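Protein chains: 2
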Amino acid sequence: MLSKKCKYAVHALVYMAKTPKEKFLIKDVSEACAIPKKFLEAILLDLKRAGVLGSKQGKGGGYFLRREPYEVNLAEIVRLFDGAIAHVPCATYKFYERCTECVDEETCSVRDAFLQVRNATVEMLKANTLEDLVKKETKLKARKKK
Amino acid sequence: MLSKKCKYAVHALVYMAKTPKEKFLIKDVSEACAIPKKFLEAILLDLKRAGVLGSKQGKGGGYFLRREPYEVNLAEIVRLFDGAIAHVPCATYKFYERCTECVDEETCSVRDAFLQVRNATVEMLKANTLEDLVKKETKLKARKKK
DNA sequence: GTAAAAGACTACTGATTTAGTAGGGATTGC
DNA sequence: GCAATCCCTACTAAATCAGTAGTCTTTTAC
Numbered sequence: 006m007l008s009k010k011c012k013y014a015v016h017a018l019v020y021m022a023k024t025p026k027e028k029f030l031i032k033d034v035s036e037a038c039a040i041p042k043k044f045l046e047a048i049l050l051d052l053k054r055a056g057v058l059g060s061k062q063g064k065g066g067g068y069f070l071r072r073e074p075y076e077v078n079l080a081e082i083v084r085l086f087d088g089a090i091a092h093v094p095c096a097t098y099k100f101y102e103r104c105t106e107c108v109d110e111e112t113c114s115v116r117d118a119f120l121q122v123r124n125a126t127v128e129m130l131k132a133n134t135l136e137d138l139v140k141k142e143t144k145l146k147a148r149k150k151k
Numbered sequence: 006m007l008s009k010k011c012k013y014a015v016h017a018l019v020y021m022a023k024t025p026k027e028k029f030l031i032k033d034v035s036e037a038c039a040i041p042k043k044f045l046e047a048i049l050l051d052l053k054r055a056g057v058l059g060s061k062q063g064k065g066g067g068y069f070l071r072r073e074p075y076e077v078n079l080a081e082i083v084r085l086f087d088g089a090i091a092h093v094p095c096a097t098y099k100f101y102e103r104c105t106e107c108v109d110e111e112t113c114s115v116r117d118a119f120l121q122v123r124n125a126t127v128e129m130l131k132a133n134t135l136e137d138l139v140k141k142e143t144k145l146k147a148r149k150k151k
């Protein structure tokens with residue numbers, strides 16, 4: 006399961022990607038997405054440090070997307086907040102750790118199975134950019150009206 | 006990430022599926038798989054309650070697989086120990102919970118994306134039975150020797 | 001140059017989960 | 001009856017999560 010932090014981050018980003026605004030106040034995003042303000046503050050800061058968002062301090066400041074919506078995907082966000090995507094540490098690249106459970110990693114079928122799951126999952130998460138999510142929402146809303 | 010309990014369970018089951026023995030002592034599985042004995046005890050008990058293993062008490066007793074290796078798959082084991090497979094509670098069936106983050110679940114693109122991931126993951130985990138894992142290990146070992 | 005608006009940062013907290021450990025109790029075979 | 005074996009409850013230390021509180025810094029408007 007994703008942490009709340011991660012889910013909040015995704016929803017905040019989708020909101021920012023779909024709303025035509027130059028700058029977003031923490032307060033506005035917090036209200037629009039129903040995220041505790043102080044908590045969101047920390048989240049947006051993390052996203053800024055990761056280069057996803059930019060910010061401007063002082064009066065008239067706020068946050069803004071630093072990259073185009075098609076350049077930001079779910080895999081990146083999930084990794085940023087919740088770490089590795091794989092189910093086992095020995096089936097990751099960026100967060101690799103040898104597992105104590107398998108005697109020989111090379112011939113461990115459990116690792117092999119979860120490696121397959123991981124690869125497919127990463128592909129799917131990468132295939133979902135903010136742009137995709139915004140478009141999808143528009144489609145789902147149109148379908149509902151019918 | 007899977008809990009240790011879940012990983013231990015999978016390794017213990019694979020061990021039992023590949024080893025031609027009628028009954029397994031906790032102690033033996035514990036040593037063969039490098040799992041703390043007392044911890045494994047609780048794990049095997051859970052698997053027994055779930056109908057995966059059977060057991061016999063007293064002298065000469067032990068645990069044994071109650072179903073054929075091809076009838077036990079990873080999805081079931083993961084669900085048993087770690088709960089839902091999906092990344093978000095609103096994208097599960099067995100552990101469903103409405104999420105506070107999305108205003109309208111029907112048109113929530115985040116849910117839609119993770120539902121897609123979940124479905125694919127479940128399929129893959131289901132496709133990996135104990136039998137498959139044992140066979141895979143044999144193959145990997147053969148390939149390594151070459 | 002000062003006040004107000006905004007983000008940046010540090011530190012704390014209560015609740016929950018994880019990964020075990022301890023210590024008996026119940027059952028069975030001989 | 002006694003030793004081997006699984007069954008069960010309770011406890012604990014450490015980590016993580018989800019958030020809150022409070023202060024500091026930067027920027028703009030006047």
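Residue numbers (our numbering), protein chains in the order written: chain A, 6 to 151; chain B, 6 to 151. Glycine included, each C-beta is placed from N, C-alpha and C at the ideal position. Please read all numbers here as calculations on a predicted model, not as lab measurements.
Chain A beta carbons: is any one of them nearer than 9 angstroms to that of residue i?
i	result
Met129(B)	yes
Pro42(B)	Residue identity check: residue 42(B) is Lys in the sequence provided, not Pro. Not an interface residue.
Tyr13(B)	yes
Gln62(B)	no
Lys141(B)	yes
Val108(B)	yes
Lys28(B)	no
Asp117(B)	yes
Leu7(B)	yes
To the nearest whole angstrom, what separates the beta carbons of residue i and residue j, a pair I think is in contact under 8 angstroms?
i	j	result
Tyr20(B)	Leu49(B)	Not a contact, Cβ separation roughly 12 angstroms.
Thr3(B)	Val122(A)	The requested residue 3(B) is not part of the displayed model; chain B covers only 6 to 151.
Lys10(A)	Phe86(A)	5 angstroms
Ser60(B)	Glu142(A)	With 8 angstroms as the limit, Ser60(B) and Glu142(A) do not qualify as a contact, their Cβ atoms being about 51 angstroms apart.
Ala55(A)	Val34(A)	Not a contact, Cβ separation roughly 17 angstroms.
Glu111(B)	Lys151(A)	The Cβ separation is near 13 angstroms, so there is no contact.
Less than 9 angstroms between CB atoms is the rule here; does residue i satisfy it with respect to chain B?
i	result
Ala125(A)	yes
Pro25(A)	no
Ser114(A)	yes
Met21(A)	no
Glu81(A)	no
Leu138(A)	yes
What I want to know is whether the C-beta of residue i ends up closer than 8 angstroms to one or more non-hydrogen atoms of the ligand SAM.
i	result
Val122(B)	Questions concerning the ligand SAM fall outside what the structure shown contains, since it holds no ligand whatsoever.
**Study point:** Given 8 angstroms, three or more beta-carbon pairs between the stretch 65-79 of chain A and the stretch 131-148 of chain A
**Key:** Yes, since at least three Cβ pairs between the stretch 65-79 of chain A and the stretch 131-148 of chain A fall closer than 8 angstroms, the two stretches touch.
Practice item. At 3 residues or longer, and completely inside the stretch 62-114 of chain B: list those beta strand (DSSP E) runs for me, N to C. Key: Positions of the beta strand (DSSP E) runs, each at least 3 residues long and wholly inside the stretch 62-114 of chain B, are given as 67-70 in order along the chain.
Point to revise | Complete runs of the alpha helix (DSSP H) confined to the stretch 10-68 of chain B [at least 4 residues] | key: For the stretch 10-68 of chain B, the full-length alpha helix (DSSP H) segments reaching 4 residues or more read 31-38, 42-54 along the chain.
Review point. Contact between the stretch 98-118 of chain A and the stretch 137-146 of chain B: three or more CB pairs below 8 angstroms?
Key: The stretch 98-118 of chain A is in contact with the stretch 137-146 of chain B.
Review point. Of the residues that make up the stretch 48-77 of chain B, which ones have a beta carbon closer than 9 angstroms to any beta carbon in chain A?
Key: Cβ contacts with chain A come from no residue of the stretch 48-77 of chain B.
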